[in-house]
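Following: one structure in structure tokens, then a few remarks.
Protein chains: 2
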Amino acid sequence: MGASLRDIARLAGVSVKTVSNVVNGYAHVSPATRAKVEEALSRLDYRPNLSARNLRQGRTGVIALALPELDSPYFAELSRFVIDAAAELRWLVVIEQTDGSLDRERRILDGVRDHRVDGVILSPIAIGADELAARTDDTALVLLGERIHDGPADHVAIDNVRAARDITEHLIGLGRTRVAALGAEDNAASGTAPLRLAGYREAMAAHGLPETVAKVERYRRGQGAAAMAELLARPEPPDAVFCFNDLLALGAMRTILAAGLRIPEDIALAGLDDIEDGRFSTPTLTTVAPDKAQLARIAVDLLKQRIDGGPGSLPREVGASYRLMIRESTAGR
Amino acid sequence: MGASLRDIARLAGVSVKTVSNVVNGYAHVSPATRAKVEEALSRLDYRPNLSARNLRQGRTGVIALALPELDSPYFAELSRFVIDAAAELRWLVVIEQTDGSLDRERRILDGVRDHRVDGVILSPIAIGADELAARTDDTALVLLGERIHDGPADHVAIDNVRAARDITEHLIGLGRTRVAALGAEDNAASGTAPLRLAGYREAMAAHGLPETVAKVERYRRGQGAAAMAELLARPEPPDAVFCFNDLLALGAMRTILAAGLRIPEDIALAGLDDIEDGRFSTPTLTTVAPDKAQLARIAVDLLKQRIDGGPGSLPREVGASYRLMIRESTAGR
Numbered sequence: 001m002g003a004s005l006r007d008i009a010r011l012a013g014v015s016v017k018t019v020s021n022v023v024n025g026y027a028h029v030s031p032a033t034r035a036k037v038e039e040a041l042s043r044l045d046y047r048p049n050l051s052a053r054n055l056r057q058g059r060t061g062v063i064a065l066a067l068p069e070l071d072s073p074y075f076a077e078l079s080r081f082v083i084d085a086a087a088e089l090r091w092l093v094v095i096e097q098t099d100g101s102l103d104r105e106r107r108i109l110d111g112v113r114d115h116r117v118d119g120v121i122l123s124p125i126a127i128g129a130d131e132l133a134a135r136t137d138d139t140a141l142v143l144l145g146e147r148i149h150d151g152p153a154d155h156v157a158i159d160n161v162r163a164a165r166d167i168t169e170h171l172i173g174l175g176r177t178r179v180a181a182l183g184a185e186d187n188a189a190s191g192t193a194p195l196r197l198a199g200y201r202e203a204m205a206a207h208g209l210p211e212t213v214a215k216v217e218r219y220r221r222g223q224g225a226a227a228m229a230e231l232l233a234r235p236e237p238p239d240a241v242f243c244f245n246d247l248l249a250l251g252a253m254r255t256i257l258a259a260g261l262r263i264p265e266d267i268a269l270a271g272l273d274d275i276e277d278g279r280f281s282t283p284t285l286t287t288v289a290p291d292k293a294q295l296a297r298i299a300v301d302l303l304k305q306r307i308d309g310g311p312g313s314l315p316r317e318v319g320a321s322y323r324l325m326i327r328e329s330t331a332g333r
Numbered sequence: 001m002g003a004s005l006r007d008i009a010r011l012a013g014v015s016v017k018t019v020s021n022v023v024n025g026y027a028h029v030s031p032a033t034r035a036k037v038e039e040a041l042s043r044l045d046y047r048p049n050l051s052a053r054n055l056r057q058g059r060t061g062v063i064a065l066a067l068p069e070l071d072s073p074y075f076a077e078l079s080r081f082v083i084d085a086a087a088e089l090r091w092l093v094v095i096e097q098t099d100g101s102l103d104r105e106r107r108i109l110d111g112v113r114d115h116r117v118d119g120v121i122l123s124p125i126a127i128g129a130d131e132l133a134a135r136t137d138d139t140a141l142v143l144l145g146e147r148i149h150d151g152p153a154d155h156v157a158i159d160n161v162r163a164a165r166d167i168t169e170h171l172i173g174l175g176r177t178r179v180a181a182l183g184a185e186d187n188a189a190s191g192t193a194p195l196r197l198a199g200y201r202e203a204m205a206a207h208g209l210p211e212t213v214a215k216v217e218r219y220r221r222g223q224g225a226a227a228m229a230e231l232l233a234r235p236e237p238p239d240a241v242f243c244f245n246d247l248l249a250l251g252a253m254r255t256i257l258a259a260g261l262r263i264p265e266d267i268a269l270a271g272l273d274d275i276e277d278g279r280f281s282t283p284t285l286t287t288v289a290p291d292k293a294q295l296a297r298i299a300v301d302l303l304k305q306r307i308d309g310g311p312g313s314l315p316r317e318v319g320a321s322y323r324l325m326i327r328e329s330t331a332g333r
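Top to bottom, those sequences are chains A and G. Here the first sequence is numbered in full-length UniProt numbering, starting from 1 and rising by one per residue. Here the second sequence is numbered in full-length UniProt numbering, starting from 1 and rising by one per residue.
In structure tokens, the structure reads:
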């Protein structure tokens, strides 16, 4: 015979109602109270019969997080926060990798493998707003980490245009005049690349500077290294480069240093994502740091509201904050 | 009305039995045939009623992968392979993070959150063989990435002792005599640290060289940077360092370079894991590369056999292969 809610409440020194709120993952429980209850639950080895409750509610207690690739540090770090936020609701998180493929994103929107999940958090690359609007599956959906204007689903993202403009302004503020953008894509329908490119262009235009754009197919170190080599081979190589993510920047850093050039003296370098790698590279990497914990928490909160049947049919757009992290790759030692 | 297995078989040019084998995730279908069938399934939008079948079999079609931390690149890369291998069986993969905490590992062994999964692949840090042996939950279990001798569960790992000895031999072979080990742990009951330390000691003893050991609490860049600073402050700093994973090595690299020392001229540096970061750092990082795809595939195969009720009660121990990757941090440019 296991512990009852009453046993838990007595040990934690709270009401049975509060214990119930914690067990059911409702909000409006203070972190301190939640911690007391969690400890009591753990000490008395309380096991809610989640399977039975989920079946009763027609739910699985499992959500899917669909992202391009788990072995990209940004998505790994973000996933960690999503799993932590979901755990507070006693949800399990299934990870689905799309590799940014349109076909795989479509399949996820058609119901993750036969509706074994209650909801989906999707970080889309290939799929566009029109196709999202035509979606017939009714599994709860939240888009994470990009922005489809007037899109048909809830989404949460940083303001990518403004973030890109800010970091480009920082490079221009160093007195650099040949600032390149590295990371444009040819086929992105809804990813962040067009937004980051737009922000770069706004900053360059505001200062009357000419644009230099290098394209890539994937946002990985190898592509950053290759695109940087291509930039160095041009008649007028850049004196500053804004890479659309940190992995591209770390690949570019390798190419620049291997060519015997100095960072930032010859080429100032900046990324976006604030992955841990860039805090320990030599030089350390200047970047834009999205608040990943906030992004994850908002995404899970929005999804919970959808799963619970709220909050009406209108899609919501929520912004998350970001900061510029100025490090050695632009500021020097 | 959806497509039938017969429709799929006709389009793919194979037998109905073969289609059934693919849909049910059985082995012994060639990759080429599997691809043809998958394409036909996709084109005809075939939807097996997995929920119904799973319920009939008393299964969820979901497994858990429990690992210390998803935002460690080694585990993110490994997770990618596990998710890919599980997808071929049409399994979903829930990720659980233990942070290497004994309490969380215990809870996972007690049945992941009320048995909503069919099986568990666990990468243990804290839990020991005795406790594993005393486990009463009967959820299928496979241990991944370490070695508990004569342990009570199936497990798959590289030979960590031999790998550590090999990489230490490589450092000694460069003519270095003050080779340090960075990454020992105080409280590891079953992790890889004691095995890697044992391999290092074997190599040092074989050459009559004195041991230098730096301890850490976590296997992250920050801990590597701090432990390296502590090694540099000793009266006789090392002329080579074997770090127990690549993250520690990349942190140590930062400390060495920031101190104005050269790699490998002043200090040769090696890691273990072969994460992508070390292929693009400057200098690139010498390391041991475990075959992560093989590790993942074996783990999923072992788990499938356990879930299917085979292969008897005796635990199995399977070794995966590894290679030394000699790069600039020991070989120079």
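C-beta atoms are modelled at their ideal positions from N, C-alpha and C, and glycine is treated no differently. All figures in this text were calculated on a predicted structure; none of them were measured in a lab.
Task: Partner residues on chain A for F244/G, Cβ-Cβ distance less than 8 Å - done: On the second sequence, residue 244/G is found 244 positions in, with the first residue counted as 1. Residues of chain A with a Cβ closer than 8 Å to the Cβ of F244/G do not exist; the shortest Cβ-Cβ separation is about 17 Å.
Task: Any C-beta of chain A under 8 Å from that of residue 339/G - done: No statement about residue 339/G is possible, as the shown extent of chain G runs from 1 to 333 and does not include it.
- [ ] Enumerate, from N- to C-terminal direction, the unbroken alpha helix (DSSP H) stretches of 4 or more residues contained entirely within the segment 134–187 of chain G.
- [x] 160–173
Open item on the list: Taking the beta carbon of R220/A as the centre, do at least 16 other beta carbons fall within 10 Å, making it buried, or is it exposed?
Closed with: Locating residue 220/A in the first sequence gives position 220, counting from the first residue. Buried, by the Cβ-count rule.
Task: Run of the alpha helix (DSSP H) containing I8/A, from where it starts to where it stops - done: Here the question's residue 8/A lines up with position 8 in the first sequence. Going by DSSP, I8/A is part of the alpha helix (DSSP H) stretching over 5–12.
Open item on the list: Between S281/A and chain G, is any beta-carbon pair separated by less than 8 Å?
Closed with: For the purposes of this step, residue 281/A is taken as residue 281 along the first sequence, with counting starting at 1. Using a CB distance cut-off of 8 Å, S281/A counts as an interface residue toward chain G.
Open item on the list: For chain G, check one thing: does any of its Cβ atoms lie closer than 8 Å to the Cβ of D277/A?
Closed with: Here the question's residue 277/A lines up with position 277 in the first sequence. Chain G contact via Cβ: present.
- [ ] Could you tell me whether any Cβ in chain G is nearer than 8 Å to the Cβ of P68/A?
- [x] Start at 1 with the first residue of the first sequence, and residue 68/A comes out as number 68. No, its Cβ sits nowhere closer than 8 Å to a Cβ of chain G.
TODO: Select from R327/A, A258/A, R333/A the residue whose C-alpha is nearest the C-alpha of V288/A.
DONE: Within the first sequence, the letter at position 288 stands for residue 288/A. V288/A has its Cα closest to that of R327/A, out of R327/A, A258/A, R333/A.
Task: Residue-level contact to chain A via CB, R221/G, 8 Å cutoff - done: Taking the second sequence and counting its residues from 1, one reaches residue 221/G at position 221. Residue-level contact by beta carbon holds for R221/G and chain A, with a gap shorter than 8 Å.
Open item on the list: Rounding to the nearest angstrom, what Cα-Cα distance links D239/G and R176/G in this structure?
Closed with: For the purposes of this step, residue 239/G is identified with residue 239 of the second sequence, where counting begins at 1. For the purposes of this step, residue 176/G is identified with residue 176 of the second sequence, where counting begins at 1. Each residue's Cα considered, the two are about 6 Å apart.
Open item on the list: Does R59/G come out as helix, strand or coil in the three-state DSSP assignment?
Closed with: Here residue 59/G refers to the residue found at position 59 of the second sequence. Here R59/G sits in coil by DSSP.
- [ ] Only counting runs of 4 or more residues, tell me where the alpha helix (DSSP H) segments fall wholly within the segment 248–333 of chain A, in order along the chain.
- [x] 277–280, 292–307, 328–331
Open item on the list: I'd like to know if the segment 288–302 of chain A and the segment 74–91 of chain A are in contact, where contact means that at least 3 CB-CB pairs between them fall below 8 Å.
Closed with: yes
- [ ] Return no unless some Cβ of chain A is closer than 8 Å to the Cβ of P290/G.
- [x] Within the second sequence, numbered from 1, the residue matching residue 290/G stands at position 290. With 8 Å as the cut-off, P290/G does not count as an interface residue toward chain A.
Open item on the list: Contact defined as beta carbons within less than 8 Å: I believe I267/A pairs with L209/A. What is the distance between those atoms, to the nearest angstrom?
Closed with: On the first sequence, position 267 is the one that residue 267/A refers to. On the first sequence, position 209 is the one that residue 209/A refers to. 16 Å between Cβ atoms; not a contact.
- [ ] List the residues that DSSP assigns as beta-bridge partners of Q97/A.
- [x] Residue mapping note: residue 97/A aligns to position 97 of the first sequence, counting from 1. Per DSSP, L67/A.
TODO: Take L261/G as the anchor and find which of C243/G, P283/G, F242/G has the nearest alpha-carbon.
DONE: Here residue 261/G corresponds to residue number 261 of the second sequence, with the count starting at 1. Selection C243/G, P283/G, F242/G evaluated against L261/G yields P283/G as nearest (Cα-Cα).
Open item on the list: At a CB distance below 8 Å, what residues from the segment 86–106 of chain G approach chain A? Give them in sequence order.
Closed with: R90, L92, V93, V94, I95, E96, Q97, D103
TODO: Give the straight-line distance between the Cα atoms of T139/A and V82/A, rounded to the nearest whole angstrom.
DONE: By 1-based counting over the first sequence, the position of residue 139/A is 139. By 1-based counting over the first sequence, the position of residue 82/A is 82. Taking the straight line joining both Cα atoms gives about 18 Å.
Task: With 16 other Cβ atoms within 10 Å as the buried cut-off, status of T136/G - done: As a working note, residue 136/G is residue 136 in the second sequence. So T136/G ends up on the exposed side.
Open item on the list: Under 8 Å, CB to CB, which of the residues in the segment 231–265 of chain A have a partner in chain G?
Closed with: Cβ contacts with chain G come from L250, G251, M253, R254, L257, A258.
TODO: Would you check if the distance between the CB atom of A163/G and the CB atom of G199/G is smaller than 8 Å?
DONE: Taking the first residue of the second sequence as 1, we reach residue 163/G at position 163. Taking the first residue of the second sequence as 1, we reach residue 199/G at position 199. Yes. Within cutoff.
Open item on the list: Between V117/G, E169/G, L122/G, which has its C-alpha nearest R59/G's C-alpha?
Closed with: Walking along the second sequence from the start, residue 59/G turns up at place 59. The shortest Cα separation from R59/G among V117/G, E169/G, L122/G belongs to V117/G.
TODO: Take the Cβ of G332/G as the centre, count every other Cβ of all protein chains shown within 10 Å, and call the residue buried at 16 or more, exposed below.
DONE: Counting from 1 along the second sequence, the entry for residue 332/G is found at position 332. Looking at its Cβ environment, which holds fewer than 16 other Cβ atoms inside 10 Å, G332/G is exposed.
Open item on the list: Pull the bridge partners of D203/G from the DSSP assignment, please.
Closed with: On the second sequence, residue 203/G is found 203 positions in, with the first residue counted as 1. For clarity, residue 203/G is Ala in the given sequence; the question names Asp instead. In DSSP, A203/G forms no bridge with anything.
Open item on the list: I'd like to know whether the C-beta atoms of F280/G and R254/A end up nearer to each other than 8 Å.
Closed with: The sequence position of residue 280/G within the second sequence is 280, counting from 1. The sequence position of residue 254/A within the first sequence is 254, counting from 1. Yes, they are a contact pair.
TODO: Reducing DSSP to helix, strand and coil, say where V82/G ends up.
DONE: Taking the second sequence and counting its residues from 1, one reaches residue 82/G at position 82. If DSSP states are grouped into helix, strand and coil, V82/G belongs with the helices.
Task: contact_flag[the segment 269–279 of chain G, the segment 230–247 of chain G] where n(CB pairs < 8 Å) is 3 or more - done: The segment 269–279 of chain G makes contact with the segment 230–247 of chain G: 3 or more CB pairs, one atom from each, lie closer than 8 Å.
- [ ] Provide the residue span of the beta strand (DSSP E) that contains G222/G, from first to last.
- [x] Your numbering for residue 222/G matches position 222 in the second sequence. G222/G -> not in any beta strand (DSSP E); alpha helix (DSSP H) instead, spanning 221–232.
TODO: Could you check the C-alpha separation between E96/G and L92/A for me, to the nearest Å?
DONE: Counted from its first residue, the second sequence places residue 96/G at position 96. Counted from its first residue, the first sequence places residue 92/A at position 92. Each residue's Cα considered, the two are about 8 Å apart.
- [ ] Consult DSSP for T192/G and reduce its assignment to one of helix, strand or coil.
- [x] As a first step, residue 192/G must be located in the second sequence, where it is residue number 192. In this structure, T192/G counts as coil in the three-state DSSP scheme.
Open item on the list: Taking 8 Å as the limit between beta carbons, can you name the residues of its chain near M1/G, skipping five residues before and five after?
Closed with: Walking along the second sequence from the start, residue 1/G turns up at place 1. Note that M1/G scores 38 on pLDDT, short of 50, meaning its location in the model is unreliable and no value can be drawn from it.
- [ ] For A299/G, I'd like the list of residues in its chain whose CB is within less than 6 Å of its CB, leaving aside the five on either flank, ordered along the chain.
- [x] Indexing the second sequence from 1 puts residue 299/G at position 299. Result list for A299/G: I121, V142, L144, V156, in chain order.
Task: Short Cβ contact (8 Å threshold) for A180/G with A214/G - done: Taking the first residue of the second sequence as 1, we reach residue 180/G at position 180. Taking the first residue of the second sequence as 1, we reach residue 214/G at position 214. The Cβ atoms of A180/G and A214/G lie closer than 8 Å to each other.
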